[in-house]
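One structure is given below, encoded as structure tokens.
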Amino acid sequence: KVVIRALKADVVQATAPRHLCGGLTSGVEAAVHAARTAFERENVECIQMVDASNAFNALNRTAALKNMRCTLPEFHQYLTNTYGIPAKLFVSDGDNRLVLKSREETTQGDTTAMPMYSCSLMLLVNELGKVESVVTIFYADDGAGAGKLEAVSEWWSKVKMSDPAFGYYPDAGKSWLVVKKGFVKKAKEMFPDVNVTVTGHRYLFIDSEEGKKAFVDEQVSEWLKDIEALSSIAD
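Listed below in structure tokens is the structure:
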């Protein structure tokens, strides 16, 4: 916590405005509003919403530390000290003890996990930001690219061809292309591997109060399940 408090401004400066989970206040709200604003532009035909497979658990720790040296040298030494050598996890049933070594990903509960993940992906995020006329927005493993179909198609190709060393594996089955009316046929031809919709998906719904309500209801339902599970443990 002390390290993050000292380096918070540096992390934000190194990651924002394209990657908004590095410590920016209300970063997720900023990402949602940025996506909505980008989609509403007259010259934007679609927005590609990308999700990755098991993102935090797939992070290549060696590559992340190497990338950190370029993205934020001030943070690199501390993370090398804590993540440079695999941590040992001891599992015991009373008679036998098994030692597991944590070699990949960030550690759950570590206050540096999100800033580390954010900084480690900046080489990829900045590369995507070079695609002309596409607005690039990331929050953790969720990414979005907004623009004309041709430009976003190039952007999506770069995402799919991203270096596996980053540990970022985009999942086309979980990714959605939200398009404006009149571009559906063309979009389905250009993006045969992703889901295409004109009504919206998750936090981005187009003229659909039902969609917004369904998304909120689903989130509230999940929260209630979590609270009930915690309550049952307490009992």
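In my numbering, the protein residues as written are -6 to 228.
Every residue, glycine too, gets a C-beta built ideally from N, C-alpha and C.
Burial state of residue 109 is buried, judged by a 10 Å Cβ sphere holding 16 or more other Cβ atoms. Going by DSSP, residue 32 is part of the alpha helix (DSSP H) stretching over 20 to 32.
In terms of Cβ geometry, residue 160 and residue 80 do not form a close pair [threshold 8 Å].
Spatial neighbours of residue 1 in its own chain (CB-CB distance under 7 Å, excluding positions within 5 residues in sequence) are listed in chain order as 16.
A buried status is given to residue 40, since no fewer than 16 other beta-carbon atoms sit within 10 Å of its beta-carbon. Boundaries around residue -2 are those of the alpha helix (DSSP H), -5 to 8, since no beta strand (DSSP E) includes it. Annotation for residue 97: 50, 51, 52, 53, 54 and 160 place their beta carbon closer than 8 Å to its own, counting only its chain and skipping 5 residues before and after. Where residue 188 is concerned, the enclosing beta strand (DSSP E) starts and stops at 188 to 190.
Counting along the chain, the unbroken alpha helix (DSSP H) around residue 177 starts and ends at 177 to 183.
If you draw a straight line from the Cα of residue 143 to the Cα of residue 21, it is about 27 Å long.
Separation of the CB atoms of residue 65 and residue 3 is rounded to 6 Å, and the pair is thereby assigned contact status at 8 Å. Looking at 191, 122 and 171, the one whose alpha-carbon comes closest to that of residue 10 is 122.
Judged by DSSP in its simplified three-state form, residue 14 adopts coil rather than helix or strand. Rounded to whole angstroms, the separation of the alpha carbons of residue 147 and residue 188 is 17 Å. Each residue's CA atom was taken as its position, placing residue 129 and residue 136 some 7 Å apart. Straight through space, the alpha carbons of residue 228 and residue 73 are spaced by roughly 41 Å. As DSSP reads the structure, residue 54 sits in no beta bridge. For secondary structure counted as the alpha helix (DSSP H) over 4 or more consecutive residues, the stretch 120 to 144 holds no complete run. One alpha carbon belongs to residue 78, the other to residue 58, and they sit about 11 Å apart. In the assembly as shown, residue 166 is an exposed residue. Its beta-carbon has fewer than 16 other beta-carbons within 10 Å.
By the criterion of a C-beta distance shorter than 7 Å, residue 172 is surrounded in its chain by 38, 39, 180, 189 and 191, once the five residues flanking it on both sides are discounted. The Cβ atoms of residue -3 and residue 105 sit closer than 8 Å to each other. A Cβ-Cβ contact shorter than 8 Å links residue 114 with residue 12.
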